[in-house]
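In terms of the working numbering, the sequence shown opens at residue 5 and continues consecutively. All C-beta atoms, glycine included, are put in the ideal place defined by N, C-alpha and C. All of these numbers come straight from a predicted model, not from anything done at the bench. Here the structure comes first, spelled out in C-alpha cells, and everything after it is commentary.
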Amino acid sequence: ILAGPEPEAMIRVTQQMVASARAGLSTAATPKAIDAVAIGSPHLSDAEFGMLERLIAGRRLAVPIYACTGRHVLASLEQDGRRKRLEASGVTIVADTCVVVTPIMPELSNGVLMTNSGKFAHYAPGNTGYAVLYASLADCVESAVAGKPRFTDIAA
C-alpha cells in the first residue's frame, strides 16, 4: 500500500469518526438554508478547479461559491476561458487571499457558510460572523446549487 517502510500504525476511519469531525467543525445549528460556500484554504490548484467544474457540471448556483486561489492558477483559468465559465455558474474567484482574512463576503447577521476547509471552519465564525457547516467538496457544490445543506457523503 505504501511506498516506504511499514507503517507504525494503521487507523481505520469510520463513518462515525467522519461524522464526529464534521460536527466538531460545524457551528451552525441545523440551518434550512446556506448563504455562501467558501473553498480554497489552502488555495485551490488547477486540478482542484477541474474537480469543481466537473461537480458543477454547467449548473447555476443558488448561492455563491467563493473559490480562493493563487495568481498563477488564476492566470491559467483566464488563459483557457475557465474563469468565465465558472463565474457564469456563480463562482466568485478570490486571488491571493481568503475570505476569513479579507472582508469579501457580504456582512450578514445569522449568515451560514459551508466549507470543506478546516481553516475556514475554525476562523469564519470569529472573523466573518458566519456560522459554519463543514462538508466535502461534493456536498459544498450540491448545497450551493440547492441553496440549502445537502449531505450525501460518508458522514451523511
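Can you give me the C-alpha to C-alpha distance between residue i and residue j, rounded to a whole angstrom?
i, j, result
"Met14", "Ala92", "44 Å"
"Tyr127", "Asn120", "13 Å"
"Arg16", "Gly54", "29 Å"
"Ala37", "Ala51", "29 Å"
"Val22", "Lys88", "35 Å"
"Leu59", "Gln19", "23 Å"
Tell me which same chain residues have a C-beta within less than 7 Å of the C-beta of residue i, skipping the five on either side of it?
i, result
"Val32", "Here the sequence assigns Ala to residue 32, which means Val is not the residue at that position. Excluding residues within five positions, the ones whose Cβ falls inside 7 Å are Val116, Ala135, Val136, Leu137."
Could you tell me whether the Cβ atoms of residue i and residue j are closer together than 9 Å?
i, j, result
"Thr101", "Cys144", "no"
"Val95", "Ile69", "yes"
"Lys123", "Ser45", "yes"
Give me, in chain order, the residues of the same chain whose beta-carbon lies closer than 8 Å to that of residue i; leave out the 5 immediate sequence neighbours on both sides.
i, result
"Gly74", "His47, Ala99, Asp100"
"Asn131", "Val104, Val105"
Would you mind giving the Cβ-Cβ distance between residue i and residue j, rounded to the nearest angstrom? I have them listed as a contact below 8 Å.
i, j, result
"Leu78", "Ile97", "6 Å"
"Arg26", "Ala150", "18 Å between Cβ atoms; not a contact."
Just to confirm, does residue i get its C-beta within under 8 Å of one of the non-hydrogen atoms of the ligand SAH?
i, result
"Val149", "This structure simply doesn't include the ligand SAH, nor any ligand for that matter."
Could you pull out every residue in the same chain whose Cβ sits closer than 6 Å to the Cβ of residue i, ignoring the five residues on either side in sequence?
i, result
"Ser80", "Asp50"
Closest Cβ-Cβ distance between residue i and chain D: below 9 Å?
i, result
"Asp50", "Although the question refers to chain D, the structure presented lacks it and comprises just one protein chain."
Length at least 3, wholly inside the segment 24-56: the beta strand (DSSP E) runs in chain order:
40-48
Legend entry - Minimum length 3: unbroken beta strand (DSSP E) runs contained in the segment 111-146: 116-119, 135-138
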